[in-house]
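Written out below as structure tokens is the structure these notes cover.
Numbering (full-length UniProt numbering), first residue to last: 1 to 1057.
Here it is as structure tokens:
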């Protein structure tokens, strides 16, 4: 532990002027030693020795607090880059701005702001005061004194013991599950809400947190009403009243009691703890008084009231049940709510010194103690009091004391009186004081835990408009705003006065939370996540599941109607939070389940034999940077519809790939975020290589996993093929060849505006993702931003510390305030907000944009707006397995920009003399495929020659790329790029067919919305790159959007069921 200076050194510390901060690297000149120059505060950078950084618990804490990590990245270590450590104060000797280094003589200089370590001002409780006593007080309600004899009278000693032990079984299983949850990581404030939300996620945790806080607030009010009713009965016996001696008096007494407890809780939790100790002493003395009274010989009056003392006859008569208008379920329902207070210690988890150790020990021991007390109460009352007694001395002397049972006029006995313990007590006023103490103690524990639950829920901002109640007050972060809210809820409940109908609902809410705690433990164990490592080992996942089922069964035993109401309330809040999607990441078991379920399904899919009925288009989209080609992604989404695989492949070519690979995780995360914002369910697969075609091969071989591998390669049309470099053209053509070599179907989309908008997005940088156009620039900008942020944060930190020091110097004069000042300085210096990354200010949005910008917006989002009265023309010239037809059909279905479009199918005639038969045959095939269409056209003139104008246009298109064999040898180019006269002559028939296709498209599909046409397959060694792209160019010139489709010659459609 670090040495602390004396309090009178404070003035010396505060008199020092603001220090200069020097940041240096190993290459810079080092300043003088801080020991010899104490006026200079040094924050050094780590480069050589940061690899040997020892384990530090604070590094793991900052990850949970979402601050900048103080641990150097792997790139910093590997590349020997400059690293500035500003987030975590180094240990002594590291040159810390919080504390001066220790000199060679071991003396700490006193002229530094961090020369002292003020103590933590927040009061922390141990397991006895914080958990054990609270659990005992919350479990020991008025049932201990008023209902145990009634339970023993109806159920008998034997079944009464079973009821107590069964209830204890439920609470013990829940406590074991809770112990596992609270020891599986650090526990903050919020108790059961914190454990459920971090285990099952914000949906379950948020719904149960709000309900649990409300149940605590209402339960506190119920105990106060019980206290008020007892006081009112004593006033009635003394013939006193406040207003009417009835419900209004109860309301007045209850409201006054609630306000008194409110003041006590508002002062501090320490005062409340002392009050609970006093109440605990009163209850202990009260129960001891009852125990002593059972051994005293009963008086005549007591005997007339059914008190017999310890007698075998009484014990044997009360051993078996005697139901008097009750059943075992109704008796169980009366007793069970008395043991639901096991969460009292966990409710103040934020005020415990070691919640991971305190909650298990205190809760389990509290359950054991209260179980012994309840069992002893049943056995003692069952052994010393008969079931029915008239209370008349004459009946006692005549031996007819129990004869009143025949006409149901008995006033005393286990079945008729709730004051058995008071009658048996050695000094009945002390027993009455115990009844008061149990009511007040249960109310007090709930008034402490409920605000902390509400505060935790409000801090997490799961619900809108309630964050106001999440702010704490004072050095202990007291939830005073939430306490006011809980008090107002309690006053409203007290004003009702009649709670018999609400009590079962509150008990059901508690049991529902117990069921979820058990299920959370079971779920965490079943998920088998490596992060599930509870320090508490005495739990079992199947016992947790049993506990959850028992809690649900108990809910329906108490009241099946209220159980349904409870389920409806929880479901409503769950669905709301599920719809709201809170922006939190707590590592819940649901996330672990997502992984295990996906892995299990992937493995199961490997052994599943493929069937054509289950064919899905799994698309590898060569988007390059997805941000620059958003319309390409949107178009493919109309095909996959978020239920089929889409992989966005991006080949990043740099001279040194290793320099960029280190920052690809951040880049990939940002791209996935951009896809999420566009509501596109797709994967992003970047590869960093030196050679573009190498990257294409990597994507084709490694994209996907198992059966979830692409079966379609989708790319945009290379609109600049006539002006681009020859190497780029080769890469594009080789990509098509490589896709076919990997047995993939190929789709090529041509748009009149093109697919690449990167230049325009740079010109108008107001679109989402404009900062993600260049991964190399992004990494450089990220590093520059981090360095700048480091300097800004460090400057703000020093300014804050110096400013605070000056304020404390002016005000900290008396010793009491000086201690508070030290605590405040420590809080500021260690505050997370000083090191938190500032939010990037939103880019101002101009109200007026240019016409070009608006046009760009329309072009970028052209496939995100649905088209009305759309028509798709399908030119099915080649039977590729049916993919051309299937893609066209999918584009007409829901979640497509062409939803509801009409489908026209064109094909070529095999026999011009049987056009009608071929048309009917195609219609029958479409009907068997169950594909709706509006028209079928069989073209008879596919063997005719194209017009001379079309031929001249094609010759003009190919002329710049025509080379003779001698020219190719001179230019050292292969004949797979340029066009040779021999190629044109050998492929003359193929050229005419494509030119005729162009004329037919101009005639039939000039005004259609989308054209889907069979893609000509480029023949290796026969068609050069320029010739193939000339085919695509002449076919699609001056037409609406055209989609070329070529399947892999395998069936994707079937008409068999």
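Here a beta-carbon is modelled for each residue, glycine too, at the ideal position from N, C-alpha and C.
Relative to the alpha-carbon of residue i, which residue among the options has its alpha-carbon at the smallest distance?
{"i": "residue 611", "options": "1050, 125, 147", "result": "1050"}
{"i": "residue 948", "options": "747, 787, 995", "result": "995"}
{"i": "residue 447", "options": "268, 461, 124, 613", "result": "268"}
{"i": "residue 658", "options": "431, 336, 779", "result": "779"}
{"i": "residue 935", "options": "946, 929, 922, 945", "result": "922"}
{"i": "residue 877", "options": "757, 908, 889", "result": "908"}
{"i": "residue 1044", "options": "347, 884, 914, 976", "result": "884"}
{"i": "residue 953", "options": "979, 905, 266, 1031", "result": "1031"}
{"i": "residue 461", "options": "577, 176, 1052", "result": "577"}
{"i": "residue 734", "options": "1019, 958, 594", "result": "1019"}
{"i": "residue 358", "options": "343, 405, 984, 966", "result": "343"}
{"i": "residue 983", "options": "325, 263, 957, 1023", "result": "1023"}
{"i": "residue 454", "options": "985, 435, 474, 485", "result": "485"}
{"i": "residue 206", "options": "465, 708, 456", "result": "456"}
{"i": "residue 406", "options": "897, 224, 441, 324", "result": "324"}
{"i": "residue 417", "options": "466, 307, 495, 434", "result": "307"}
{"i": "residue 862", "options": "184, 635, 355", "result": "635"}
Around the Cβ of residue i, are there at least 16 other Cβ atoms within 10 angstroms (buried) or fewer (exposed)?
{"i": "residue 145", "result": "buried"}
{"i": "residue 1041", "result": "buried"}
{"i": "residue 768", "result": "exposed"}
{"i": "residue 292", "result": "exposed"}
{"i": "residue 394", "result": "exposed"}
{"i": "residue 41", "result": "In this predicted model, residue 41 has a pLDDT of only 38, less than 50, meaning its place in the structure is not dependable; the value taken from the coordinates is given anyway. Buried is the call here."}
{"i": "residue 397", "result": "exposed"}
{"i": "residue 941", "result": "exposed"}
{"i": "residue 281", "result": "exposed"}
{"i": "residue 338", "result": "buried"}
{"i": "residue 1009", "result": "buried"}
{"i": "residue 946", "result": "buried"}
{"i": "residue 246", "result": "exposed"}
{"i": "residue 966", "result": "exposed"}
{"i": "residue 1001", "result": "buried"}
{"i": "residue 420", "result": "buried"}
{"i": "residue 228", "result": "buried"}
Return the bridge partner residues of residue i from the DSSP annotation.
{"i": "residue 352", "result": "125"}
{"i": "residue 1061", "result": "The chain is shown from 1 up to 1057; residue 1061 falls before or after that span and cannot be answered."}
{"i": "residue 646", "result": "619"}
{"i": "residue 432", "result": "According to DSSP, which records beta bridges pairwise, residue 432 is partnered with nothing at all."}
{"i": "residue 683", "result": "647"}
{"i": "residue 1044", "result": "748, 1013"}
{"i": "residue 473", "result": "478"}
{"i": "residue 653", "result": "689"}
{"i": "residue 412", "result": "389"}
{"i": "residue 872", "result": "903, 1010"}
{"i": "residue 1079", "result": "Here the chain covers residues 1 to 1057 and nothing more, so residue 1079 does not appear."}
{"i": "residue 633", "result": "Answer is none; residue 633 lacks a bridge partner."}
Assuming residue i and residue j are in contact, meaning their beta carbons sit under 8 Å apart, how far apart are those beta carbons, in whole angstroms?
{"i": "residue 742", "j": "residue 700", "result": "5 Å"}
{"i": "residue 710", "j": "residue 619", "result": "6 Å"}
{"i": "residue 667", "j": "residue 775", "result": "5 Å"}
{"i": "residue 231", "j": "residue 253", "result": "5 Å"}
{"i": "residue 886", "j": "residue 872", "result": "Their Cβ separation, rounded to whole angstroms, is 13 Å, which puts residue 886 and residue 872 out of contact at 8 Å."}
{"i": "residue 527", "j": "residue 589", "result": "5 Å"}
{"i": "residue 606", "j": "residue 707", "result": "6 Å"}
{"i": "residue 322", "j": "residue 154", "result": "7 Å"}
{"i": "residue 167", "j": "residue 336", "result": "5 Å"}
{"i": "residue 714", "j": "residue 557", "result": "Going by Cβ atoms, the distance from residue 714 to residue 557 rounds to 59 Å, so no, they are not a contact pair."}
Within 9 Å (strictly less), CB to CB, does residue i reach chain D?
{"i": "residue 563", "result": "No chain D is part of this structure, which consists of one protein chain only."}
### Task
For the stretch 685 to 737, list the alpha helix (DSSP H) runs that are entirely contained and at least 4 residues long, ordered along the chain.
692 to 702
### Task
List in chain order: all unbroken alpha helix (DSSP H) runs of 4+ residues lying wholly within the stretch 134 to 159.
If we require 4 residues or more, the alpha helix (DSSP H) runs fully inside the stretch 134 to 159 come out as 143 to 146.
### Query
What are the start and end residues of each continuous beta strand (DSSP E) run of 3 or more residues lying completely inside the stretch 893 to 965, in chain order?
Unbroken beta strand (DSSP E) stretches of 3 residues or longer found wholly inside the stretch 893 to 965: 902 to 908, 935 to 939, given in chain order.
### Query
Of all the alpha helix (DSSP H) runs that stay within the bounds of the stretch 322 to 401, which reach a length of 4 or more residues?
Every alpha helix (DSSP H) of 4 residues or more that sits fully in the stretch 322 to 401 is shown, in chain order, as 328 to 335, 355 to 384, 393 to 398.
#### Entry: In chain order, each alpha helix (DSSP H) run of at least 4 residues that lies wholly inside the stretch 525 to 590
541 to 558, 560 to 580
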